[in-house]
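Worksheet for the structure shown next.
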Amino acid sequence: MANIVLITHGKYGEGLLDALALLLGDDAIKGIHVITLGPLDSPESLYEKIKNVIDRIDYEKGVLILVDLFGGTPSRVAAQLLSEGFNVEIVSGVNLPMLVEIILQRDKTAKDLVEIAIRSGIEGIVNIGEKVRKTLGKKD
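The numbers in the sequence shown follow the working numbering, run straight up by one, and end at 195.
As structure tokens, this is what we get:
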């Protein structure tokens with residue numbers, strides 16, 4: 056089972072985990088590690104938080120790191136781990152549909168989960184108004 060680490064600005068990751076538990080139950084969130092970047096955190100202190108989590112977990116199937124914003128401090132610091140040779144995969148733009156699908160297929164390796172994360176994250180973005188109008192036979 057791949058380990059999952061959420062690294063987000065503020066409490067976004069904690070909120071995602073809370074919503075995931077509501078949808079799939081508390082067992083679904085076991086082994087998901089949330090790391091927050093607070094207003095007083097530096098890139099160096101965030102790096103230490105991430106490294107402490109990575110060092111504590113068994114990552115035979117790799118670690119999938121999900122960050123909120125490409126180019127933000129969480130993604131830049133996580134990318135530093137890659138450059139240091141850690142067995143991690145990193146995907147930005149974490150959202151709830153992405154997390155649900157990853158958890159449902161969590162027996163795969165982190166590398167396999169990357170494409171699942173990207174596909175489900177994109178597919179979870181839907182213009183609901185357009186769908187409803189289409190169903191009702193109304194034009195945009």
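In this text, a Cβ means the ideal position worked out from N, Cα and C, and glycines have one as well.
> Which value, in whole angstroms, describes the spacing of the CA atoms of Asn150 and Lys104?
Replying inline: Reading the sequence shown from its first residue, position 95 is the one you call residue 150. Reading the sequence shown from its first residue, position 49 is the one you call residue 104. The alpha-carbon atoms of Asn150 and Lys104 are separated by roughly 22 Å.
>> Using only the alpha-carbon positions, how far apart do Asp81 and Leu72 sit?
In response: For the purposes of this step, residue 81 is taken as the residue at position 26 of the sequence shown. For the purposes of this step, residue 72 is taken as the residue at position 17 of the sequence shown. Their Cα atoms are separated by approximately 9 Å.
>> By the three-class DSSP mapping on this structure, what secondary structure does Thr128 have?
In response: Walking along the sequence shown from the start, residue 128 turns up at place 73. Here Thr128 sits in helix by DSSP.
> Taking Val98 as the reference, which of Phe125, Ser138, Pro129, Leu168 has the closest Cα?
Replying inline: Working through the sequence shown from its first residue, we reach residue 98 at position 43. Checking the sequence, you will find Pro at residue 98 rather than Val. Of the candidates Phe125, Ser138, Pro129, Leu168, the one whose C-alpha sits nearest the C-alpha of Pro98 is Pro129.
> What separation, rounded to the nearest whole angstrom, lies between the Cα atoms of Lys186 and Glu178?
Replying inline: Along the sequence shown, one-based indexing puts residue 186 at 131. Along the sequence shown, one-based indexing puts residue 178 at 123. Near 14 Å, if we compare the C-alpha coordinates of Glu178 and Lys186.
> First and last residue of the beta strand (DSSP E) that includes Ser147?
Replying inline: Position 92 of the sequence shown holds residue 147. 143-147 is the extent of the beta strand (DSSP E) around Ser147.
> Counting pairs of Cβ atoms below 8 Å between the region 58-76 and the region 116-128, do you hit three or more?
Replying inline: yes
> Ends of the beta strand (DSSP E) at Thr91?
Replying inline: Here residue 91 refers to the residue found at position 36 when the sequence shown is read from its first residue. It spans 87-92 - the beta strand (DSSP E) in which Thr91 sits, taken as one unbroken run.
> For Val187, does the three-state DSSP call read helix, strand or coil?
Replying inline: Locating residue 187 in the sequence shown gives position 132, counting from the first residue. Helix, per DSSP.
> According to DSSP, which residues form a beta bridge with Asn58?
Replying inline: Counting from 1 along the sequence shown, the entry for residue 58 is found at position 3. Partner(s): Val118.
> If you compare alpha carbons, which of Leu168, Ile173, Thr164, Tyr102 is closest to Glu139?
Replying inline: Here residue 139 is taken as the residue at index 84 of the sequence shown, counted from 1. Among Leu168, Ile173, Thr164, Tyr102, the Cα nearest to that of Glu139 belongs to Tyr102.
> Using CA coordinates, which residue listed in Gly86, Ser100, Lys85 is at the minimum distance from Leu92?
Replying inline: One-based indexing of the sequence shown puts residue 92 at position 37. It is Ser100 whose Cα lies nearest to the Cα of Leu92.
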